[in-house]
Amino acid sequence: MFQNRFFSSLTKTKIPGFVFDIDGVLVQGSKAIPEARNALRFLNNNKIPFVFLTNSGGLLEREKTAQVLTKLGMLDEIPNVRTVLSHTPYKAYKEQYKTVFAVGPIGCSRVLKQYGFKNVYEAGDLIGEYPGIAPFNMITHRAEKYLSQNGRIPKDKLQFDAVMVLSDPRDWSADLQIVADILTSDNGKLGTTNYTKNAKSIPIFWSQRDFQWKTEYSLPRFALGAFREILYKVVSIIKSPKLVTLPNEMTNSNTKLVHDKASQEYSVKKFINERVMGKPERIAYEFAEKELRAEFKDLYASGEEFELGDVYMVGDNPLSDIIGAKNYGWKTCLVKTGVYNDEYDLQVEPSMIVENVEEAVNKGVNQSSRLSKIM
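Okay, so the sequence shown: first residue is 58 according to my numbering, each after it adds one.
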């Protein structure tokens with residue numbers, strides 16, 4: 058438990074700020090990490106600003122906040138926390154891209170509509186209109202919604218300006234097929250193929266590219282980065298075929314379509330027009346800092362002589378949380394309640410390695426000039 062402390066000065070005192078990853082730091086799957094309650098309660102009671110910065114997505118920011126606080130049993134105690142999701146930066150593109158394909162959990166298109174995007178479709182919508190587009194799909198048809206709201210999906214004119222990945226798809230087969238179709242299409246026009254060598258795809262936005270994340274299970278699970286790797290492998294094969302003559306005992310023909318590894322790698326690098334958000338990308342930390350400063354201003358709006366001091370990123374993933382925050386200039390706290398363990402080969406050294414989020418907050422506050430000796 059934390060102990061009471063007092064202000065060390067009344068003149069321009071620096072207040073530490075905390076940015077928390079969620080999965081593996083505050084919760085594991087559906088379960089709360091017990092120390093998280095003590096950490097957040099202490100910060101809230103002592104007017105120390107904090108925000109959530111997560112690579113999860115597929116829902117609105119306020120919904121994610123409520124979801125996390127409910128798991129922690131703190132929704133009544135701390136009714137609101139500013140939250141930056143991996144796809145929060147998508148809001149800036151609502152005017153630039155008029156028709157987009159959304160990837161994520163069923164119903165994720167509503168998030169982009171809330172952001173202000175005009176025409177948003179997802180796998181279930183296209184499957185409802187084109188049953189053969191993803192023959193092995195497990196998605197409920199949702200085209201009826203668009204028949205009433207937007208009219209029938211245009212079979213000959215549906216052209217996407219961008220693909221926006223919000224979160225892990227729930228049906229990898231369906232989204233893999235459809236997104237591969239769109240990326241290899243003629244400028245986003247559904248049902249076409251672009252045969253021009255090295256022609257750029259329409260933009261695909263990735264909310265993040267974490268390869269693994271931590272649930273209640275003993276081993277880390279695949280995350281969105283795994284889907285990204287598979288998609289690009291498939292697209293590379295589609296875009297860089299090579300006809301060669303090989304012996305073939307199974308057919309009368311000796312001509313087979315094969316794929317050269319070097320040309321595949323070249324194809325993906327030159328062909329895919331991708332933009333990546335989320336940690337460890339700088340844009341994620343810029344959005345989090347903006348929210349943290351807004352929270353600081355709300356807490357100290359009465360003219361008190363305080364300023365935001367060191368910012369501590371508390372995370373469990375060295376390859377996203379820690380690397381990104383260190384590059385951004387923040388202090389970093391790596392916890393052992395998630396992806397990281399003592400056998401992990403660290404590429405960068407965090408400011409501190411701690412057992413859990415409570416210890417991270419305790420050490421961070423002790424290093425701060427705002428609060429002095431223990432009472």
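Backbone N, C-alpha and C fix where the C-beta goes; we use that ideal spot for every residue, glycine too. Just so we're clear, the structure is a prediction, and the values are computed from it rather than from any experiment.
Here LEU240 is near VAL292, since their CB atoms are less than 8 angstroms apart. Within the same chain, Cβ atoms closer than 7 angstroms to the Cβ of THR145 are found at GLU118, PHE344, the five residues on either side in sequence being excluded. Boundaries of the beta strand (DSSP E) around ALA159: 156-160. Following the DSSP letters along the chain, one finds LEU183 in no beta strand (DSSP E) but inside the alpha helix (DSSP H) bounded by residues 180-186.
Bounds of any beta strand (DSSP E) do not take in PHE99; it lies within the alpha helix (DSSP H) bounded by 92-102. When C-beta atoms of the stretch 113-127 are compared with those of the stretch 175-186, fewer than three pairs fall below 8 angstroms, so the two segments do not count as touching.
DSSP places TRP263 in the uninterrupted beta strand (DSSP E) bounded by 261-263. With respect to LYS175, LYS155 sits close: the two C-beta atoms are nearer than 8 angstroms.
A straight-line Cα-Cα distance of about 31 angstroms links GLU400 and PHE99.
Secondary structure in the stretch 325-358: the alpha helix (DSSP H) runs of 4 residues or longer, each lying completely within the stretch, are 339-356 in chain order. A direct Cα-Cα distance of roughly 47 angstroms separates SER275 from THR253. For GLU286, the enclosing alpha helix (DSSP H) begins and ends at 281-296. Take ASP243, set aside five residues on each side of it, and the residues of its chain with a beta-carbon closer than 6 angstroms to its own are THR249, ASN251, in chain order. Measuring C-alpha to C-alpha distances from ALA89 to each of LEU126, ASN137, PHE109 identifies LEU126 as the nearest.
Pairing ARG350 with VAL222, the inter-Cα distance amounts to about 28 angstroms. GLY164 and SER224 have their alpha carbons spaced roughly 12 angstroms apart. Here TYR397 carries a coil assignment [DSSP, helix/strand/coil].
Take the alpha-carbon of TYR369 and the one of LEU116: they are about 26 angstroms apart. A direct Cα-to-Cα measurement between GLU362 and ALA231 gives close to 56 angstroms.
Assignment of ILE410 by DSSP, reduced to helix, strand and coil, places it in the strand class. The Cβ atoms of GLY185 and PHE217 do not sit closer than 8 angstroms to each other.
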